[in-house]
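Engineer:
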Ligand code: NDP
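In our numbering, the protein residues as written are 14 to 252.
See the structure below:
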């Protein structure tokens, strides 16, 4: 019997792309979403529908989910991975950067969950995996607005887990430390980027494939087992 459909947001690079490769290798049909469609299709994965969607556009996400379900049956899991990290000091960071982070990391995540949630509740099963962060548990210099978005992900995930427990739907928070991806590249301050690179040079970074393995581990548990949170970081990372 074929395995169920999984949706991954932000699958065009980093953790999302690594997760797509791993879940596909385990036989899952996938719906991959991101703004860079060429990067999704370049993954070349079988039984995979790639759609260009900005997670801040819930109608586009919902339409893609409908299309994928018509092809591959109901969504059994969603990996809410799309995110941006625009580091800055509150005194001088453009407000548009905070707004963008909250739109993508918080509101976008809620909208993507809504696209799959009614079906999961109706079926009495499903898994929602949300990418939090070590920066969703503790603070870091120049991370004020970003930690706000990631603390929000952790808090909302836990509240949603409680809400969905009676319906048999699991909510898993994955909280990585620094991972070697494109995430830092969107920060506009060159000096903050240089400081972050110094930090990761000293402490090391996880490979995105290690985070993908954590996601797979949580998902592969029996539906009656909810791994609530996995925190993982490079061994050399102190904070
Ligand atoms: P990347 O920058 O490599 O990947 C981010 C992904 O999100 C890309 O696929 C990007 O695709 C997508 N994305 C960004 N904005 C949008 C949007 N508006 N709509 C749809 N997709 C979007 O970074 P990571 O792989 O590191 O990040 C993945 C997640 O992991 C994020 O939530 C991040 O906060 C979290 N995380 C990362 C850590 C790290 O150190 N790297 C540590 C802890 C957590 P596209 O640009 O094509 O739209």
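Don't be surprised by glycine CBs; every beta carbon is placed ideally from N, CA and C.
Every value quoted in this text rests on a predicted model; they were computed, and no experiment measured them.
(1) Excluding sequence positions up to five away, which residues of its chain have a Cβ less than 7 angstroms from the Cβ of residue 177?
(2) Give me the Cβ distance between residue 146 and residue 104, rounded to the nearest whole Å; I'm assuming they're in contact under 8 angstroms.
(3) Mapping the DSSP letters down to three states, classify residue 28 as helix, strand or coil.
(4) What residue from 77, 130, 111 and 220 has the CA that sits closest to residue 102's CA?
(5) Comparing alpha-carbon positions, which option in 63, 150 and 162 lies nearest residue 100?
(6) Within the chosen definition, does the segment 168 to 182 reach the segment 206 to 222 through at least 3 CB pairs nearer than 8 angstroms?
(7) Does the distance from the CB of residue 221 to the CB of residue 23 come in under 7 angstroms?
(8) Can you list the beta strand (DSSP E) stretches of 3 or more residues lying completely in the segment 106 to 194, in chain order?
(9) My parser needs the beta strand (DSSP E) runs of 3 or more residues fully inside the segment 31 to 62; what are they?
Structural biologist: Reading from the atomic positions:
(1) By 1-based counting over the chain shown, the position of residue 177 is 164. Taken in chain order, the residues that qualify are 184.
(2) Along the chain shown, one-based indexing puts residue 146 at 133. Along the chain shown, one-based indexing puts residue 104 at 91. Not a contact, Cβ separation roughly 23 angstroms.
(3) Position 15 of the chain shown, counted from the first residue, corresponds to residue 28. Note: residue 28 maps to helix in three-state DSSP.
(4) Here residue 102 refers to the residue found at position 89 of the chain shown. When only C-alpha atoms are compared, the closest one is 111.
(5) Translated into the one-based positions of the chain shown, residue 100 becomes position 87. Of the listed residues, the one whose Cα sits closest to residue 100 is 162.
(6) no
(7) Here residue 221 corresponds to residue number 208 of the chain shown, with the count starting at 1. Here residue 23 corresponds to residue number 10 of the chain shown, with the count starting at 1. Against a cut-off of 7 angstroms, the Cβ pair of residue 23 and residue 221 comes out as no contact.
(8) 139 to 144 and 182 to 189
(9) 43 to 47
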